[in-house]
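Chains as they are written, first to last, in my numbering: chain A, 361 to 728; chain B, 361 to 728. Yeah, the Cβ is synthetic: ideal placement off N, Cα and C, and Gly gets one too. Here the structure is a predicted model, which means the values were calculated and not measured. The structure appears below as structure tokens.
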């Protein structure tokens, strides 16, 4: 719908050819100039092209991933050339905000409001909604809940739900790369939404610079359970639904959370976690979230830079774990297939434990 | 306290020596007869010895794990000799019941009551309470909640809480092996408790023959959220707290769950998931759980046998994933250390993506 407005016509055509050739599996026919056009379209923030590249990143097909990686290489190179004169580490032109909280805390509407307010300030905003899929059925759990009707219509917004595909932890394997893509094509803010279910909320810290924990005006057990998570991962706490009806309980929750924060070890030294009362419904105090984020960025650039490095390594090892198991489990006659089959057999016969079987295979791979 | 009552004195002494030598790291001084004594003590269901062996299984120290695996080898061999005359697959002398449900559903008191009723029937019962530990602090989340005061005092019971040590999924890496241990030393029933948090409840299916889902008398959102989990993993649903006060809401919940089950695909063909109203507090209808379990066992031996095989393989791959990453990440100069360092460097410089870095390392390990 927007893809042909204001773009270079040759890039549009080339980009279409690129994805047609990918679809037809004619990978060897993809010329270098097609790649360049795709990257041009990305840099022009063409939402159709961004979406298609995200689909390549999320694909389980290795050939797709290889194309995505080549696109990244070009994008990385150009990005560096453009920013040659100032250090990237000091600038952090794109800020990544992770937003989590229990179902029912009103995250999605809040994110839509944050996004709209940033766009009204002239920024470009990407929203990635991590949609935990059921490990059994593979189906989406959130379903349609993450549509963000208004934001999706904005030219300066890119909204994308990502299924986790059974990868535990609430954040999908390639979220970090999709964030990186959004960053390199020039979005000013990337908002990453995840549901906080148990330990999974901790994963949000592996893809964001700043974690906002959304708490509903609740009480008793519910608050106890979420308090623990809040203390461990929040850089900012937002008590949502600060409307007339809940005003009193919001204030109670704020008081309790401040008390809990006071007693626990700070996540980032020198940063006192702010606790804000907001209302997505009334659009009250929404801008406090971005203001806090920018204050954090100003004061803790070193922490953020270090964290981004750790996040990249975290991503590498998540991929390694995934690839290693897939490859070793496949019966495609790789060099360890025999030793694995042998140990699986002994395991099923209950001659050895799973640990012993795994140790035997390991000593082969590492030639101990 | 019980360890010297009615046991062979030589085995008691030898067993103590075994664990003393392990503690002193004098592994080469551990003679074969010490191993045999430890296994004798296990087979006599000495709770102190069982506990110590479980500690070896749970240990992160490789030397400890090696001793545990040797103990298993002896145990497996003896078990087979004892059961030479009848096929193990057809007998399933030990039944494994997984019990899950949201915090507050009253799982622990229910399990204690189930355990006591089985013991009163002359059975020997092991209870493994999976205690999800915080991924950040490593601390226990359940804390003291899983003590099972009465059951712990019974000579025929073995109660053991196991921390998950940050392994996502609610079931720890070695739960399956601890279950196997309990089985091979002759417990009639192993009850495995886990908290149902999000997707983690699915993991309970990797260690049990029969999954009991405990539902409190709740309503609205809460029930909606748990219903999804119930439909996917339950072999039996138990609505707890069927006491005068909640009687009506229990019946409503039962009705809703039956409705949901009616609409969803059965987990096991030919098995209609029973929904029982029970009360741990009043000790009402507790025995229905074991009765249903035995009915399941009679009718679906083939399914259970097949599932146990899959569980062993699941355990193998869980260990493989864990070991591979630990080993590859370690800087102990293994054969892939150079290629990893090189790719980590390019990754941090943002020349390549995490996926590309992982692919490069993979092609070295598999010599593609």
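- Given a length threshold of 3 residues, each whole run of the beta strand (DSSP E) inside the region 451-499 of chain A is given here in chain order: 455-461 and 485-491.
- When secondary structure is reduced to three states using DSSP, residue 566(B) falls in the helix class.
- DSSP, reduced to helix, strand and coil, places residue 553(A) within a strand of the structure shown.
- The alpha-carbon of residue 621(A) is positioned some 52 angstroms away from that of residue 701(A).
- Under the three-state reduction of DSSP output, residue 635(B) falls in the strand class.
- Under the Cβ distance rule, residue 622(B) does not count among the residues neighbouring chain A, no pair being separated by less than 8 angstroms.
- Counting C-beta pairs closer than 8 angstroms gives three or more between the region 537-556 of chain B and the region 405-424 of chain B, which meets the contact rule.
- Between residue 694(A) and the set 429(A), 488(A), 724(A) and 393(A), the nearest pair of CA atoms involves 724(A).
- For residue 598(A), the enclosing beta strand (DSSP E) begins and ends at 596-599.
- Among the residues of the region 672-703 of chain B, those with a Cβ less than 7 angstroms away from any Cβ of chain A are 672, 673, 675, 676, 677, 679, 680, 681, 683, 684, 685, 687, 688, 689, 694 and 695, in the order of the chain.
- Counted as a single uninterrupted DSSP element, the stretch harbouring residue 728(B) is not any alpha helix (DSSP H), since DSSP gives it neither H nor E.
- Within its own chain, the residues whose Cβ lies closer than 7 angstroms to the Cβ of residue 404(A), once the five positions on either side in sequence are excluded, are 367, listed in chain order.
- Runs of alpha helix (DSSP H) with 4 or more residues, each lying fully within the region 678-719 of chain A, are found at 697-708, listed in chain order.
- When Cβ-Cβ separations below 8 angstroms define contact, residue 665(A) makes no contact with chain B.
- If you draw a 10 Å sphere on the C-beta of residue 666(B), you find fewer than 16 other C-beta atoms in it, and that means exposed.
- A check of alpha carbon separations from residue 635(B) across 573(B), 682(B) and 459(B) identifies 573(B) as the nearest.
- If you draw a straight line from the Cα of residue 544(B) to the Cα of residue 407(B), it is about 14 angstroms long.
- Residues of the region 709-725 of chain A with a Cβ closer than 8 angstroms to any Cβ of chain B, in chain order: 710, 711, 712, 713, 714, 715, 716, 717, 718, 719, 721, 722 and 725.
- If you look at residue 647(B), you'll find it in the alpha helix (DSSP H) that goes 647-659.
- DSSP lists 486(B) as the beta-bridge partner residues of residue 518(B).
- Neighbourhood of residue 669(B) in chain A, by CB distance below 7 angstroms: 708, in chain order.
- DSSP, read as helix, strand or coil, puts residue 574(A) in strand.
- For residue 641(B), there is no enclosing alpha helix (DSSP H), as DSSP marks it with neither H nor E.
- In chain A, no part has a C-beta under 9 angstroms from the C-beta of residue 661(B); the shortest such distance is about 17 angstroms.
- Between residue 458(B) and residue 633(B), the gap from beta carbon to beta carbon reaches 8 angstroms or more.
- Secondary structure at residue 722(A): helix, using DSSP grouped into helix, strand and coil.
- The region 514-522 of chain B makes no contact with the region 437-444 of chain B: fewer than 3 CB pairs, one atom from each, lie closer than 8 angstroms.
- DSSP places residue 392(A) in the uninterrupted alpha helix (DSSP H) bounded by 392-403.
- In this structure, the CA atom of residue 487(A) is about 12 angstroms from the CA atom of residue 473(A).
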